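In our numbering, the protein residues as written are 19 to 417.
Everything below concerns the one structure shown next.
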């Protein structure tokens, strides 16, 4: 076991929570160590298609160490990012502020005037992430705009607010956000590759802002390192043990001590670590029995829509370029992938509602038999991403 010494703060995870914590703590002069189980990607190492399976997916048991992780659970599928930058590597870069109603619900209501108190911090995050309004609406966005007009909700349609550099397409530019102190950026070419990690350097993922400055303020970054053990240190503070990957078949165990620990490994990573430590009598057996409960998803439904009109290129644009607010707590967005990224067509099937698996299978068969030619045409389009859009419907209400 290799010992890494003692730090003021160890941050576990390099996604949004971990990256912000690392920077702000480093700015205050703390000795900070960030542990990330995924790898650090150079733009050229990111996938350009979903079919580049070992480069796209995170499945380390098979040697796949890409940024995209899918977990299939009983009632839902969880998608998250793994790597230096966490979820920012594979999210669509949409960064809306919460609607006023958000601050009027939940267990935090009444504790503070949250909307007013958080407003300057939202402004800081928007500045750090380079948030701006999407300037280009592609064919899929125009289709959603027409739907909004037909529904009488034209005023509820609009471009998204995104963390993407929209300078001259394909041109590299010295840091446009931080007075020259940040990394150079490349103007978005509207290829639809945001969910792949943006191999062109246009998406403002965390490695281009919070993590970039945290490292330059003295924070140490250790990637390919997964924390396995967290327990109190008898001498004060905390002990952590982690497995660090050294190569395809080589690894080492590292140990580190810390005065404080920030757990920022995401809903899955942090919760699973704490559940293991609660079961370990030498670690954290007194953790609350509420651990792992009251976990919420984004309440998203993904609906694939395929056109048989060959002149349409629905992949043109950023991953999520527009949104239609369908209610006080719901909205729909067209999502796209770049050309040749049709892997997810393997998960697409006619929408078949039902209370049980058997009921859904019967409804699926009924719909296929009712319109076999239409479904066959949709399933056999030459370029799924050019001809299809994934409509994301999200609802924030209870139930």
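Backbone N, C-alpha and C fix where the C-beta goes; we use that ideal spot for every residue, glycine too.
Note that the coordinates shown come from a computational prediction; the quantities given were computed from them, not determined experimentally.
Minimum Cα-Cα distance from residue 125 among the listed residues 72, 312, 55 corresponds to 312. Considering only 233, 111, 342, 210, the residue with the shortest C-alpha distance to residue 180 is 111. Residue 319: member of the beta strand (DSSP E) spanning 318-324, first to last residue. Going by DSSP, residue 384 is part of the alpha helix (DSSP H) stretching over 375-388. Our two residues, residue 128 and residue 349, have alpha carbons roughly 27 Å apart in a direct line. The Cβ atoms of residue 340 and residue 352 sit closer than 8 Å to each other. Counting of Cβ neighbours within 10 angstroms places residue 336 among the buried residues, the total reaching 16 or more. Residue 62 is not a Cβ neighbour of residue 266, given a cutoff of 8 Å. Within the segment 211-288, the complete alpha helix (DSSP H) segments of 4 residues or longer fall at 228-234, listed in chain order.
Taking the C-beta atoms as reference points, residue 28 is found nearer than 8 Å to residue 51. Between residue 375 and residue 367, the alpha-carbon positions lie close to 14 Å from each other.
Rounded to the nearest whole angstrom, the C-alpha separation of residue 263 and residue 113 is 33 Å. A residue is called buried once 16 or more other Cβ atoms fall within 10 Å of its Cβ, and residue 76 is buried on that count. Collapsing the DSSP output to three states places residue 39 in a helix. Closest in C-alpha terms to residue 30, from the list 88, 60, 258, 107, comes 258. Judged by DSSP in its simplified three-state form, residue 207 adopts coil rather than helix or strand.
For residue 331, the secondary structure class from DSSP, reduced to helix, strand or coil, is coil.
When secondary structure is reduced to three states using DSSP, residue 112 falls in the strand class. One thing to note: residue 269 has its Cβ within 8 Å of the Cβ of residue 261.
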